[in-house]
Amino acid sequence: MGKRLPEIRDHSNLLNSPCDVFCPTIPLDSTELMSQHEPIKPELQEYETAIEGLRQTGHQFWTRGWSLGTSSNYSAVVGRDPLRLLVTASGKDKGHLGPNDFVVCDELGKPAFENQPKSSAETLLHCLAAKRGAGAILHTHSVWCTILSEHFSPLGGIRISDFEMLKGLEGITTHEASVWIPIFDNTQDIPSLAVRVEQYFAEHPNEPCWGYLIRRHGMYTWGKNIAEARRHIEILEFLLECLGRSTKLV
Ligand SMILES: [Zn+2]
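Here my numbering is used: the first residue of the sequence shown is 243, the next is one more, and so on.
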């Protein structure tokens with residue numbers, strides 16, 4: 243008699259969230275539930291595709307543990323001339339973003355029109371990446387980014403080489419590649435951090451960069467669109483976790 247195979251169960255009833263990711267049942271308060279299902283405001287309707295893309299991204303990242311406790315912020319460029327950035331509003335649960343939990347900002351990170359919620363405190367960092375050509379910018383607060391940004395901060399960055407998964411970063415075609423992820427010190431003074439980030443890129447104009455870390459804080463990455471930026475987060479998170487698990491940290 244052969245060994246009996248385990249019974250296959252139908253889990254399709256669990257895959258009914260907006261992005262088909264299994265989401266554990268957690269009690270949400272009624273305000274959060276209302277904001278998730280409320281109709282999109284007329285002034286945001288033209289950005290509905292970007293809003294849905296960022297909402298799905300938030301839900302995925304929250305499920306992965308990369309955007310917990312209202313942390314993180316995401317944006318997509320919705321206009322170039324003048325620059326207009328759709329950014330997550332401050333203090334929102336990224337796992338359950340509502341269609342109106344977004345702010346349209348100008349190139350200085352200020353609301354582009356009145357009666358919008360407060361934008362994320364770190365909007366200025368999104369603006370910098372957008373001005374360098376990014377079409378979407380994603381910022382996460384994962385455990386491995388937090389730990390490794392502290393561990394490698396004396397070196398000023400993290401070098402990752404010879405992983406197959408590096409090929410998931412735009413422009414890399416072989417595992418025989420080497421990527422440098424700079425680390426900046428954390429601060430609550432975002433304008434001064436923005437100056438340091440801008441200075442770094444001015445001093446390294448020809449060095450490809452897919453993301454950077456802020457010490458004991460999190461990661462910023464970007465892409466030409468939301469899908470590419472999301473892929474970069476997934477790849478960098480994977481690589482950092484590999485590095486973290488194979489590094490003697492103490
Ligand atoms: Zn942050």
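C-beta atoms are modelled at their ideal positions from N, C-alpha and C, and glycine is treated no differently.
- Under DSSP, Ile400 forms a beta bridge with Ile423.
- In this structure, ligand 1 has a non-hydrogen atom nearer than 7 Å to the beta-carbon of His459.
- By the Cβ-count criterion, His279 is exposed, with fewer than 16 other Cβ atoms from all chains shown falling within 10 Å of its own Cβ.
- By the criterion of at least three beta-carbon pairs nearer than 8 Å, the region 312 to 332 is in contact with the region 371 to 391.
- Counting only unbroken stretches of 3 or more residues, the beta strand (DSSP E) elements lying wholly within the region 290 to 378 are 315 to 322, 325 to 330, 344 to 347, in sequence order.
- At a cut-off of 7 Å, the beta-carbon of Ser361 does not count as near ligand 1: no heavy atom of the ligand is closer than that.
- The beta carbon of Ala372 lies closer than 7 Å to those of Val319, Leu325, Leu327, Ile379 in the same chain, with the five residues before and after it left out.
- In this structure, DSSP gives Ile456 an extended state, which the three-state scheme calls strand.
- With a cut-off of 8 Å on Cβ pairs, the region 405 to 418 is not in contact with the region 347 to 356, counting fewer than three such pairs.
- Here DSSP, grouped into helix, strand and coil, assigns Leu380 to strand.
- Not one heavy atom of ligand 1 lies closer than 7 Å to the C-beta of Ser384.
- Taking 8 Å as the upper bound for CB-CB distance, Leu485 and Ile425 are not in contact here, some 13 Å apart.
- For Thr429, the three-state secondary structure derived from DSSP is coil.
- Pairwise C-beta distances place the region 295 to 312 out of contact with the region 357 to 376, as fewer than three of them are shorter than 8 Å.
- Just measuring C-alpha positions, the residue of Ser309, Glu364, Gly295 sitting nearest Thr429 is Glu364.
- For Asp335, the number of other beta carbons within 10 angstroms of its own is at least 16, and it is reported as buried.
- Secondary structure of Gly465 (DSSP, three-state): strand.
- Take the alpha-carbon of Ile293 and the one of Pro341: they are about 6 Å apart.
- Comparing alpha-carbon positions, the option among Glu285, Thr312, Glu483, Glu288 lying closest to Phe405 turns out to be Glu483.
- Counting only the Cα atoms, Glu476 lies some 16 Å from Gly413.
- The Cβ atoms of Lys466 and Gly377 sit closer than 8 Å to each other.
- Relative to ligand 1, Glu364 has its C-beta within less than 7 Å of a heavy atom.
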